Structures are given as C-alpha cells and as structure tokens.
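Working notes, beginning with the structure itself.
Residue numbers (the working numbering), protein chains in the order written: chain F, 7 to 267; chain R, 346 to 567.
Quick look at the structure:
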C-alpha cells in the first residue's frame with residue numbers, strides 16, 4: 007500500500023461519537039499526511055482524547071469512517087454496506103497504529119523487558135532472540151537499559167512511561183498516538199518523558215498524534231496543530247501560526263488562558 | 346459407652362485408606378470446578394445473548410439447588426437416559442459442576458478487578474483475544490482469586506461426605522460400613538471428624554498465609 011504518495015496515512019470522514027446524551031465528536035474530517043506530527047490542543051472535554059481512542063479502535067464511531075493508508079479501520083465493506091469488522095482484517099489495519107497512554111498501562115506481572123518483548127513475539131511473530139535484542143536497544147534508547155528486569159511497580163512514573171513508549175515503538179507502528187502522556191506524572195518527571203518524544207520526532211519521520219496540555223512542547227515538537235473545542239476542529243495550522251497568530255477567537259481565548267497561567 | 350482405643354486403632358488404617366478416596370474426589374472436583382467456572386464466566390462474557398442467558402440460568406439453577414439433590418440427579422436420573430458413570434466420576438462431576446457455578450462468580454470478580462487500561466494496552470499492542478486472555482488478563486486476575494479458591498477447596502473437602510449417599514466409599518461411607526459391622530458408632534464417626542479437622546485446619550491456615558502474602562505484595566506495588 008501507500009503507492010499513491012498523496013494518499014493520507016490517516017483519513018477521518020464525518021466521524022461522530024457520543025457517550026450517552028453527550029456528543030463528544032461532531033463530524034470530524036481530518037486528513038493526516040505521513041510524517042506529520044500533530045498536536046491536538048483544547049480544553050478538556052473537547053474530544054481530543056476520544057479522537058485518539060477512536061483511531062486506536064478503543065471506541066467505535068457512531069457515524070463516519072476512519073481509513074489507514076486507504077483501508078477502512080474497524081469496518082468492512084459488504085456490497086454497498088459497511089459492517090463492523092473484527093478478526094484478521096481489523097488486526098492487519100490496527101497493527102499500523104500504536105498508542106502510549108496517560109496511565110502507562112504497563113503489564114504489572116511482566117518485567118520492563120517482557121513488557122516490550124511480548125507484542126513483538128506473540129503478535130508480530132519475531133523470534134525471542136530478535137525481540138530481546140530489539141527490546142534491549144529500545145530500553146537503551148529510553149535510558150533504561152539497566153532496568154530491563156525491573157517490574158513496573160519498581161519504577162518511577164517517568165520510567166514506567168518511558169518503558170511504555172519503548173513497548174509501543176517495538177511494534178513499529180506507522181502512526182503513534184500519545185494521549186496526555188505526562189498528565190499523570192509528577193512535575194519533575196515530565197521532562198525525561200518529553201525528551202524521548204522530542205528525540206523520536208527529530209530522529210524518525212514517524213507520524214504522530216499528540217494530545218497534550220504542554221503548550222511549549224506542542225509548539226516545539228509538532229509540525230501541525232489542531233485546536234479542538236466542543237467536538238469540532240476549530241483551528242488547524244502550523245505551530246507558528248496557531249500559537250503566534252491564532253485566527254479563531256476561541257483559540258485565542260484558550261491560549262490566553264493556558265499560557266498566562 | 347466408652348471410647349474403645351483398641352477398636353479405634355484397628356479401623357484407623359481402613360479410614361486412612363478411605364481418606365485417599367476423599368482426597369481424590371476433592372482434587373478431581375476442584376480441578377473440574379476451576380475449568381467449569383472459567384468456562385462459564387467466558388460464556389457469560391461472550392456477548393451472544395442466548396449463550397449469556399443460558400449460562401446465567403445454569404449458574405442460578407446450580408446455586409439455587411442443594412448439592413445433595415444434584416448428586417442424586419446425576420447418580421440416579423442420568424442413567425435412565427443412558428448416561429451411567431462410575432461412582433467416583435459422578436462424584437467429581439457433581440462437585441465440579443456445583444462448585445464451578447460458584448467459582449464462575451469468583452472468576453468474574455477477579456477479571457473485573459483487572460483495570461480497563463490493561464485491556465486497552467492489549468488492544469494497542471494489537472493482541473489477539475486468546476493472547477489478551479492468556480498472557481495479559483488471566484495472569485493478573487487469578488492470583489487475587491487464589492485465597493478464595495482455597496476456601497472453596499476446603500468447603501468442597503467438607504462436602505465430600507455427601508458422596509457417601511451415592512455409595513462412594515469415601516471417609517464417611519467407610520465409617521458407616523465399619524459401624525454397620527461392629528455396631529459401634531462412637532469411634533468411627535469421631536475418627537472421621539478428627540481426620541477432617543486435622544486436614545482442614547492447616548489448610549485454612551495455609552490459605553490465610555497466602556492471602557496475607559498477596560495483600561502484602563499489593564501494598565508494595567501498583
């Protein structure tokens with residue numbers, strides 16, 4: 007796939023989602039080009055996290071479609087109807103996406119190394135030796151080579167999140183989703199985690215969707231910024247423009263409130 | 346009527362041999378109950394409505410009727426429909442189904458206790474259902490269940506005398522047989538009680554020990 011260089015790596019069309027009576031996303035249209043690092047900013051409840059969760063198939067949209075490299079995600083076309091997809095096809099599409107969570111979600115019964123190796127061995131079918139070598143490289147990359155045998159509970163929050171990033175990277179996803187990855191951390195641990203993502207952004211051309219409340223980080227790492235509010239994408243532009251010269255009054259008000267806190 | 350120690354010593358070896366039968370029924374019943382319990386809980390979570398209702402119905406039925414009647418049913422009624430099992434097999438099946446219904450609730454609590462984020466991490470790693478269950482969810486769900494399993498194991502052990510009613514010569518059945526020969530009731534039944542006590546008391550302590558260890562481990566972590 008990906009024969010057409012202009013085909014977006016991720017395309018959302020008319021995606022809506024509500025929880026009960028509360029509508030969280032209202033007809034989102036979004037094309038993401040390969041290599042884009044998109045920061046999603048906006049007030050809480052604006053739908054940023056829900057957007058990521060839909061892309062990871064943790065939630066199902068009520069309306070609209072999501073495509074990854076031109077292939078439907080979570081849906082299958084039968085005749086001219088779309089039906090819920092599961093099994094091999096869903097997994098082949100979902101395998102292109104990885105996610106790092108706010109609360110790390112490491113497997114508590116596995117060591118750092120096992121957390122990172124588990125997917126490559128049991129999902130991607132790598133040999134144990136290959137997976138171990140690669141996992142140790144990734145641990146070194148996140149500065150935790152000496153913590154390979156530690157259980158998650160023996161690690162600090164920042165260290166756990168770095169292992170979680172390594173775990174997601176080990177699956178070699180094409181699109182990486184970061185969901186408020188520093189929100190659950192003590193302030194002094196935020197820096198070490200952001201440094202890893204920053205490095206990743208500059209070293210690889212990985213496509214990223216980053217939900218964050220760290221505006222300085224968003225501005226520095228992202229090459230595209232989406233401001234969301236009330237389930238809509240209100241503003242969409244380059245970091246310099248969105249942060250420096252926001253077009254929408256709502257973006258202005260939001261940035262004014264968070265930047266001058 | 347005085348306690349006749351010589352008579353007691355004389356029947357003790359027979360009773361100890363019968364203890365092995367009791368033991369086999371308990372272990373067999375527990376292994377089956379653990380499998381049945383997990384299977385029931387997985388069926389209940391299958392999301393297929395008829396299966397979910399049938400499973401819930403079965404669990405309510407088993408929990409709502411006495412084990413003794415279930416054993417009678419398996420022993421006396423099933424053969425009428427062409428399914429006759431060995432006495433031991435019937436006993437293990439009865440205990441396994443009965444306790445399996447209870448253990449399914451234990452599995453439910455254990456599985457519900459695994460945080461939602463673990464399922465989500467499994468999805469994010471693109472893990473298959475089997476992989477998610479076997480490597481991620483159950484290894485976290487089962488350890489906290491172990492003390493509860495232990496308590497059910499002891500309860501099942503103490504329910505095994507019911508198998509005497511379907512002619513299994515376990516401890517109680519053997520004691521009854523001895524009593525029927527000698528017309529002495531004090532010694533056989535006292536010994537049976539003592540053997541149960543000697544085996545279940547340390548087991549209960551062991552379960553408490555495991556419980557404390559798991560609790561201590563959880564305090565250190567998470």
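Ideal Cβ placement from N, Cα and C applies to all residues, glycine included.
Predicted model only: the values in this text are computed from it and were never measured.
Query, Result
"Does residue 255 of chain F get closer than 8 angstroms to chain R when you measure Cβ to Cβ?", "no"
"Would a C-beta distance cut-off of 8 angstroms place residue 250 of chain F and residue 231 of chain F closer than the cut-off?", "no"
"Since residue 510 of chain R and residue 413 of chain R are thought to touch, with beta carbons under 8 angstroms apart, how far apart are those beta carbons, to the nearest angstrom?", "7 angstroms"
"Specify, as a first and last residue, the run of the alpha helix (DSSP H) that residue 400 of chain R falls within.", "394 to 409"
"Give me the subset of the region 58 to 70 of chain F whose CB atoms are less than 9 angstroms from a CB atom of chain R, sorted by chain position.", "59, 62, 63 and 64"
"What did DSSP end up calling residue 567 of chain R once you bin it into helix, strand or coil?", "The pLDDT assigned to residue 567 of chain R is 44, lower than 50, so where the model puts this residue is not dependable; a value taken from the coordinates is nonetheless given after this. Reduced to three states, the DSSP call for residue 567 of chain R is coil."
"Do we get a CB-CB distance below 8 angstroms when we pair residue 129 of chain F with the residues of chain R?", "yes"
"Pull out every residue of the region 455 to 468 of chain R whose Cβ sits closer than 7 angstroms to any Cβ of chain F, in chain order.", "462, 463, 465, 466 and 468"
"Based on the DSSP output, what are the partners of residue 105 of chain F in its beta bridges?", "F:183"
"Out of R:553, R:561 and R:562, point me to the one whose CA is closest to residue 492 of chain R's CA.", "R:553"
"Residues of the region 477 to 491 of chain R in Cβ contact with chain F at a cutoff of 9 angstroms, in chain order, please.", "480, 481, 484, 485 and 488"
"What are the start and end residues of each continuous beta strand (DSSP E) run of 3 or more residues lying completely inside the region 513 to 561 of chain R, in chain order?", "none"
"What are the boundary residues of the alpha helix (DSSP H) that includes residue 147 of chain F?", "134 to 147"
"Would you mind telling me which residues of chain R sit closer than 9 angstroms to residue 95 of chain F, beta carbon to beta carbon, in chain order?", "Within chain R, no residue comes near residue 95 of chain F; the closest Cβ sits about 12 angstroms away, beyond 9 angstroms."
"Does chain R have any CB closer than 8 angstroms to the CB of residue 12 of chain F?", "no"
"From which residue to which residue does the alpha helix (DSSP H) around residue 91 of chain F run?", "Run containing residue 91 of chain F: none; DSSP gives neither H nor E here."
"Residues in the region 99 to 112 of chain F with C-beta within 7 angstroms of chain R's C-beta atoms, listed in sequence order?", "100, 101, 104, 105, 107, 109 and 111"
"Are three or more beta carbon pairs between the region 373 to 380 of chain R and the region 399 to 413 of chain R nearer than 8 angstroms?", "no"
"Is residue 265 of chain F closer than 8 angstroms to residue 252 of chain F when the C-beta atoms are compared?", "no"
"Nearest by alpha-carbon distance to residue 475 of chain R: which of R:387, R:541, R:401 and R:381 is it?", "R:387"
"What would DSSP say about residue 205 of chain F, mapped onto helix, strand or coil?", "helix"
"Does chain F have any CB closer than 8 angstroms to the CB of residue 383 of chain R?", "no"
"Would you tell me roughly how many angstroms separate the C-alpha atoms of residue 77 of chain F and residue 467 of chain R, rounded to the nearest one?", "22 angstroms"
"Do you know how far the Cα of residue 166 of chain F is from the Cα of residue 566 of chain R?", "Any reading at residue 566 of chain R must be qualified, since the residue scores a pLDDT of 48, below 50, and its modelled position is unreliable; the value itself is stated next. For residue 566 of chain R and residue 166 of chain F, the distance between alpha carbons rounds to 13 angstroms."
"At the level of alpha carbons, what is the spacing between residue 356 of chain R and residue 539 of chain R?", "14 angstroms"
"Can you list, in chain order, the residues of its chain whose CB lies under 7 angstroms from that of residue 391 of chain R, leaving out five sequence neighbours each side?", "397"
"Around the Cβ of residue 461 of chain R, are there at least 16 other Cβ atoms within 10 angstroms (buried) or fewer (exposed)?", "exposed"
"Ends of the beta strand (DSSP E) at residue 31 of chain F?", "28 to 38"
"Residues bridged to residue 233 of chain F by DSSP?", "F:47 and F:241"
"Report the rounded CA-to-CA distance for residue 24 of chain F versus residue 184 of chain F, giving the unit in angstroms.", "22 angstroms"
"Using the three-state DSSP reduction, which class does residue 69 of chain F fall into: helix, strand or coil?", "strand"
"Tell me the rounded alpha-carbon separation between residue 430 of chain R and residue 499 of chain R.", "25 angstroms"
"Return the chain-ordered list of same chain residues with a C-beta closer than 6 angstroms to the C-beta of residue 154 of chain F, the five sequence neighbours on each side being excluded.", "118, 119 and 145"
"If I measure Cβ to Cβ from residue 408 of chain R and keep anything under 8 angstroms in the same chain, skipping five residues before and after, which residues do I get?", "446 and 447"
"Counting C-beta neighbours from all protein chains within 10 Å, is the total for residue 349 of chain R 16 or more, i.e. buried, or is it exposed?", "exposed"
"What first and last residue would you give for the alpha helix (DSSP H) that runs through residue 23 of chain F?", "Here residue 23 of chain F belongs to no alpha helix (DSSP H); instead the beta strand (DSSP E) covers 16 to 25."
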